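See below for the structure under consideration.
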Amino acid sequence: RGSEWQRALGLFQGMLSARVDLDTSAWTAAITACDRGGRWLAALSVLGEVVAAGGELDMIMRTAVGSACEKSGQWVAALELFRGIAGARLEVSQVTVSSSIAACAKGGQWQAALQMLEGMTASGEQPNVITLNAAVTACATRGRWPAALGLVASMRRASVRQDTITCNAAVKACDECGQWQVAAELFLGMAAVALQPDAISLNTVLSSCGAAREWQAALALLKQGRARSVQPDVIALHAVTAVCEQLGLWQQAVALVGDSSAAGLEVSIISLSAAARACETGRKWELSLHWLRNAGSFAGSRWQDTLRRLRELSPQE
1 RGSEWQRALG
11 LFQGMLSARV
21 DLDTSAWTAA
31 ITACDRGGRW
41 LAALSVLGEV
51 VAAGGELDMI
61 MRTAVGSACE
71 KSGQWVAALE
81 LFRGIAGARL
91 EVSQVTVSSS
101 IAACAKGGQW
111 QAALQMLEGM
121 TASGEQPNVI
131 TLNAAVTACA
141 TRGRWPAALG
151 LVASMRRASV
161 RQDTITCNAA
171 VKACDECGQW
181 QVAAELFLGM
191 AAVALQPDAI
201 SLNTVLSSCG
211 AAREWQAALA
221 LLKQGRARSV
231 QPDVIALHAV
241 TAVCEQLGLW
251 QQAVALVGDS
261 SAAGLEVSII
271 SLSAAARACE
281 TGRKWELSLH
291 WLRNAGSFAG
301 SRWQDTLRRL
311 RELSPQE
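If you read the sequence shown in UniProt numbering, its first letter stands for residue 1, the second for the next number, and so on.
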């Protein structure tokens, strides 16, 4: 892919040197090649040549340059591109704004992302779900949960249907700031807007509860996730077993690991170790110290035996 953009740019520069009269399609091809190669600086350079030659900056060119900036996380260049387009009173596409906002998200520039969104709205263009998701994600990168929730609310007012990406970004924003209750409400509220949570949704909200040591909420949310056919993965399982370990909740830790194993879910050595330490704290598992000292054996022939013992120790109803 890298050689493709170099060949295309070389051909383009050769045509410039030969003073060949280039049309819009030639300019567009050169910029698109730079975008595919992730060469944002080259894309901007070609765009400058277009302007200098008095060429037309069509939608495809502007979108490709914005995409190149986004891929490289060049939020300053993306912001300047957006301002230049707006200043020239050219039509701002959803894709261009989304790419520019995504570049801001990668750079943690949530305020710049919101400025772009406001500028788009001021121009009379209605942001779509992709553009708004990019803005919510930008807020999430810095844990700006009030701003993220404000964007979600604005989507409802504008009748823009949110999707799972929207909710996941908002939950992440809350998680970053320790707002586990708000994160839990968002997760549970997905059903009200007919959205299906995914593993990212569950992992994030469980991580938030785990960080706050809210084990009861974590177990309840885990149950809700399973009720909606969202099975916890290794990350989610570890988040819950870790908080059980911290609080010495050996019964809950053992039941969680045992049930997950019985359901055919992957159980990591980390989760097994957390359950073992919880048992040690509760003085209910004589073999816990032995297994902790020999944690490497969990991945070997004794792994299945370890899970069997965990299930045997699960509290009987």
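Glycine included, each C-beta is placed from N, C-alpha and C at the ideal position. Model, not experiment: these values are computed from the prediction.
### Query
Using the C-alpha atoms, what's the distance from L221 back to L186?
Each residue's Cα considered, the two are about 11 Å apart.
### Task
Measure the alpha-carbon distance for A211 versus L219 and round it to whole angstroms.
The alpha-carbon separation between A211 and L219 amounts to approximately 14 Å.
### Query
Which residues in the same chain as R228 place their Cβ atom closer than 8 Å to its Cβ, once the five residues preceding and following it in sequence are excluded?
Around R228: A191, Q196, P197.
### Task
Provide the residue span of the alpha helix (DSSP H) that contains D35, from first to last.
Per DSSP, D35 belongs to the alpha helix (DSSP H) from 24–36.
### Message
For a test of the three-state rule: what should DSSP assign to Q6, helix, strand or coil?
### Response
Helix.
### Message
Taking the alpha carbon of V193 as the reference point, which residue from A153, A199, A30 has its own alpha carbon closest?
### Response
In terms of Cα proximity to V193, the closest of A153, A199, A30 is A153.
### Message
Whole angstroms are fine: how far does the CA of L206 sit from the CA of V234?
### Response
Their backbone Cα atoms lie some 12 Å apart in a straight line.
### Query
So which of R36, A148, S208, L44 has the shortest CA-CA distance to I134?
The amino acid occupying residue 134 in the given sequence is Ala; Ile does not appear at that position. Of the candidates R36, A148, S208, L44, the one whose C-alpha sits nearest the C-alpha of A134 is A148.
### Task
Measure the C-alpha to C-alpha separation of T166 and N128 and round it to an integer number of angstroms.
Going by C-alpha positions, T166 is about 12 Å away from N128.
#### Entry: Residue closest to G150, alpha-carbon to alpha-carbon, out of A239, L114, Q216
The option with the nearest alpha carbon to G150 is L114.
#### Entry: Buried versus exposed call for G225 [16 or more other C-beta atoms within 10 Å across all chains shown]
Taking a 10 Å sphere around the C-beta of G225, we find 16 or more other C-beta atoms and assign the residue as buried.
### Task
Excluding the 5 residues preceding and the 5 following N294 in the sequence, name in chain order all residues of the same chain whose CB lies nearer than 6 Å to its CB.
Annotation note: pLDDT 42 at N294 (below 50); position unreliable, no value reported.
### Task
Measure the beta-carbon distance from R62 to T96 and round it to whole angstroms, keeping in mind my assumption that it falls under 8 Å.
Indeed, because the Cβ distance is near 5 Å, the residues count as touching under 8 Å.
### Task
Determine the burial state of R144: buried for a count of at least 16 other Cβ atoms within 10 Å of its Cβ, exposed for fewer.
Looking at its Cβ environment, which holds 16 or more other Cβ atoms inside 10 Å, R144 is buried.
### Message
DSSP three-state label for L81, please.
### Response
L81: helix per DSSP, three-state reduction.
### Message
Give me, in chain order, the residues of the same chain whose beta-carbon lies closer than 7 Å to that of S72; leave out the 5 immediate sequence neighbours on both sides.
### Response
So the qualifying residues of the chain are G38, W40.
#### Entry: Buried or exposed (CB count within 10 angstroms, at least 16 for buried), V267
That one is buried.
### Cα-Cα separation between G108 and P146, rounded to whole angstroms
Between G108 and P146, the C-alpha separation is close to 16 Å.
### Task
Tell me where the alpha helix (DSSP H) around Q109 begins and ends.
Q109 -> no alpha helix (DSSP H), and no H or E assigned at all.
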